[in-house]
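Notes follow once the structure below has been shown.
Residue numbers (the working numbering): 769 to 1148.
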């Protein structure tokens, strides 16, 4: 595996691991069959757990609480913010800060050590203020990037919360932005009359529309944009999903040649961000309960695994051995081999709707709507 992936994903500081949102953990993982711990939240957990280099785990919930967990039975600290949180927070690994967005439209910066509020910024919104997109901390420019349901992307100064830039997020903006190692951003937006647009944006505000995927027969108003792009920077690729209101397509953008390098139709829509496999393939969870594996070289789905659930909302993740893991709305955790063979490894009483994440040692954190985060030890 390219060394760049090992560096980025050793500590999962954001949804999908880091700024590229690959969903790929850089070491092999072999899970013990039962959870070693259950972290108690105050509300249902819809956001992925994130970590800092010290190994603290940060859990944000729909009751508006964020908690920091270490090894004890009680959290190291907890803080209630002004609204529910479904967007995954982001950690500044070198600055000891945690950035969060709420359904009230507020962005917070907290210290990771004790949860002190460093700043709070309320985003302007003429209507619905909810922040639904996973947050991104871009190290080079020291910016926090996110969008709100108000239809704008915002870049805030990480030190003060001061707005630095904003740009069009389109209709139904719920997909997080991603960044490469140079700080170049990639994001998706839906434009009425046009469809889904993949956008590249530099830190100085220069924007280029890379690709437009035409809207479906139902029009752009029915298109959901919830799955973030996935950057495979080592291979010069950007994967992204375009819904059309009924079906979807997985698309592959070649960064080096600046062209669309592949398009794979899907039978139904997709809400979850895809996950990169160590061999460069990508896993996609759809709204019919299927997990698909695609490769850039094959013209069709390589394998498909049916979870038995009616739909999948949680983003899958992958480990260096090639296995994919995903939670389903029936409260089950699935482990799927690269050839499509899979099994249920754990079952809870309530739905799993948030992305999984890995602690630095490879322990798996599985957030649930039953107000718990299940922690599975890595025995590899």
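Just so it is clear, CB atoms sit at the ideal spot from N, CA and C, and this is done for glycine as well.
Are the CB atoms of residue 796 and residue 1148 nearer to each other than 7 Å?
-> yes
Quick check: the stretch 1075 to 1082 against the stretch 1018 to 1025, are there 3 or more CB pairs under 8 Å?
-> no
For the stretch 1036 to 1078, which segments carrying the beta strand (DSSP E) assignment without a break, of at least 3 residues, lie completely within its bounds, in sequence order?
-> 1050 to 1053, 1058 to 1062 and 1071 to 1074
Cβ contact (3+ pairs, closer than 8 Å) linking the stretch 1139 to 1146 and the stretch 791 to 806 | yes
Beta carbon of residue 986, beta carbon of residue 1013: below 7 Å?
-> Yes; because the gap between Cβ atoms is below 7 Å, this pair is in contact.
Quick one: measure Cβ to Cβ for residue 783 and residue 902, integer angstroms, because I've assumed they're closer than 8 Å.
-> 4 Å
Classification of residue 974 by the beta-carbon crowding that lies within 10 angstroms, buried from 16 upward = exposed
Determine the closest residue to residue 915 out of 927, 996 and 838, with distance taken between C-alpha atoms.
-> 996
Nonlocal neighbours in the same chain, by C-beta distance under 6 Å from residue 761, ignoring five residues either side = Any answer about residue 761 is impossible in this case: the structure gives the chain only from 769 up to 1148.
For the ligand NAP, is there a heavy atom less than 6 Å away from the beta-carbon of residue 1126?
-> This structure simply doesn't include the ligand NAP, nor any ligand for that matter.
In angstroms with no decimal places, state the Cα-to-Cα distance between residue 1034 and residue 966.
-> 18 Å
Beta-carbon contacts of residue 906 that lie in its chain and below 7 Å, excluding the five residues immediately before and after | 787, 913, 947 and 951
Specify the secondary structure class of residue 949 as computed by DSSP and reduced to three states.
-> coil
When you compare each of 908, 1129 and 989 to residue 941 by their alpha carbons, which one comes out closest?
-> 989
Okay, do the stretch 1081 to 1101 and the stretch 819 to 826 touch, 3+ Cβ pairs below 8 Å being the bar?
-> no
Note down the Cα distance separating residue 984 from residue 937, rounded to an integer number of angstroms.
-> 19 Å
In the DSSP assignment, what are the bridge partners of residue 835?
-> 827 and 846
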